[in-house]
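Undergrad: Its first residue numbered 1, the sequence shown is counted upward by one per residue in the numbering used here. Glycine included, every Cβ here is placed at the ideal spot set by N, Cα and C. In this text, all values refer to a predicted model and were calculated from it rather than measured experimentally.
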Amino acid sequence: MKRSPLLAIFMGVVLALYIYTSSVRPSSPNKNKIVTLEEQIKVALSDIQNGESPEAQMKGVLKMRSLAENNPKNAELQWNMGLFSVQTGQYEKAVSRFDKVIILDENRLDAYFQLASCYTALQDTSSAIEALTTLIQKSDGELKQSAKEMLEKFN
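So this is what it looks like as structure tokens:
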């Protein structure tokens, strides 16, 4: 047999394999796209808030939880997880989250207010008063006034 037909058959098989593998291979258009942590948080929050079913909302919560576990020093993630804990009545977890927020971002004074609310729900009056007293010392304006009003309810 001559060389030309063998070469043509070989090239035909190689070309057919190339076409087949390139059409079967999944494309990944977002492969090079870098998604920031803030964007991931926004997507997870959107899933939670706009989820059309409890399953869709839970998917967002699980995303947020994973992000919080992988980024334990992100105050915004801890804040959101604290709010979710409050919404589900998990006040002990919320206290832990808001404590982390205060450690990570001492200027996030609204975390003291949330902390006081959680302690109140847990009937831990002394810790609630302590959180409110600290908030009153550190804050001003509306937040300080709200803390004073809440503190007056304990007296």
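1. Using a Cβ-Cβ cutoff of less than 6 Å, which residues in the same chain neighbour residue 95 once the five nearest sequence positions on both sides are dropped?
2. I'd like the list of long-range same chain contacts for residue 127, defined as Cβ closer than 6 Å, with 5 residues on each side in sequence excluded.
3. Assuming residue 78 and residue 100 form a contact by the criterion Cβ under 8 Å, report the distance between their Cβ atoms to the nearest whole angstrom.
4. With residue 60 as the anchor, note down where its alpha helix (DSSP H) starts and where it stops.
5. Excluding five sequence neighbours on each side, which residues of the same chain lie with their C-beta closer than 8 Å to the C-beta of residue 136?
6. Does DSSP classify residue 154 as helix, strand or coil?
TA: On the basis of the supplied data:
1. For residue 95, where only same-chain residues beyond five positions count, the Cβ hits under 6 Å are 118.
2. Same-chain partners within the cutoff: 119.
3. Confirmed, about 4 Å.
4. Segment 54-70, the alpha helix (DSSP H) holding residue 60.
5. Cβ neighbours of residue 136 beyond the five flanking positions: 144, 147, 148, 151.
6. In the structure shown, residue 154 sits in coil (DSSP, three-state: anything other than H, G, I, E or B).
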